[in-house]
């Protein structure tokens, strides 16, 4: 990792970066905050067909920009429901309740730009205890100023015909 303010020019191969599967939502770390002077980070999210990626949630510190590579991304942005296909961007601003899912019967892949950087480490922390400790999940959510409505999962799955994440962390 390069910690210079301007970063170092880098080529990132499609299979490069550590990864973890959160029961249907994959995370592959591509560009971390230190590489960008903490201005942004980038993760790759493969999402299994008809799978809810996260409960309804609210970021206090980050904006997220999702670029659809393949498949069909569904998102609830406040009260608005959107679907986006390949080549489309979905903006999820801080300060707005939102969630997202694979709205199709085939795999969906998105690139997520997170600004400012830092939230990419939320996924690293969550991966350490995924599926085993809800109390730790609450603490890591607090650390990253993230509110999650776990009770939203059944209603979202029913409303949009989705599979529920196996672990509720």
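Residue numbers (our numbering): 1 to 169.
Positions of the beta carbon are idealized from the N, C-alpha and C atoms, including for glycine.
Taking residue i as part of the alpha helix (DSSP H), name the residues at either end of that continuous run.
{"i": "residue 75", "result": "No alpha helix (DSSP H) holds residue 75; the beta strand (DSSP E) holding it covers 73-77."}
{"i": "residue 125", "result": "120-127"}
{"i": "residue 137", "result": "134-143"}
How is residue i classed by DSSP in three states: helix, strand or coil?
{"i": "residue 8", "result": "coil"}
{"i": "residue 88", "result": "coil"}
{"i": "residue 152", "result": "helix"}
{"i": "residue 95", "result": "coil"}
{"i": "residue 158", "result": "helix"}
{"i": "residue 37", "result": "coil"}
{"i": "residue 63", "result": "strand"}
Do residue j and residue i come within 8 angstroms of each other at the CB atom, strictly closer than that value?
{"i": "residue 126", "j": "residue 56", "result": "no"}
{"i": "residue 101", "j": "residue 78", "result": "no"}
{"i": "residue 99", "j": "residue 75", "result": "yes"}
{"i": "residue 66", "j": "residue 82", "result": "no"}
{"i": "residue 147", "j": "residue 141", "result": "yes"}
Based on the DSSP secondary-structure assignment, which residues constitute the bridge partners of residue i?
{"i": "residue 80", "result": "77"}
{"i": "residue 163", "result": "51"}
{"i": "residue 109", "result": "46, 70"}
State the start and end residues of the unbroken beta strand (DSSP E) segment that holds residue i.
{"i": "residue 102", "result": "98-102"}
{"i": "residue 13", "result": "Segment: none, residue 13 is in no beta strand (DSSP E) and carries neither H nor E."}
{"i": "residue 59", "result": "56-59"}
{"i": "residue 24", "result": "Counting along the chain, residue 24 falls outside any beta strand (DSSP E), and DSSP gives it neither H nor E."}
Contact the region 102-117 vs the region 45-61: 3+ CB pairs below 8 angstroms:
yes
Would you say the region 34-44 touches the region 114-124, given that touching needs at least three Cβ pairs under 8 angstroms?
yes
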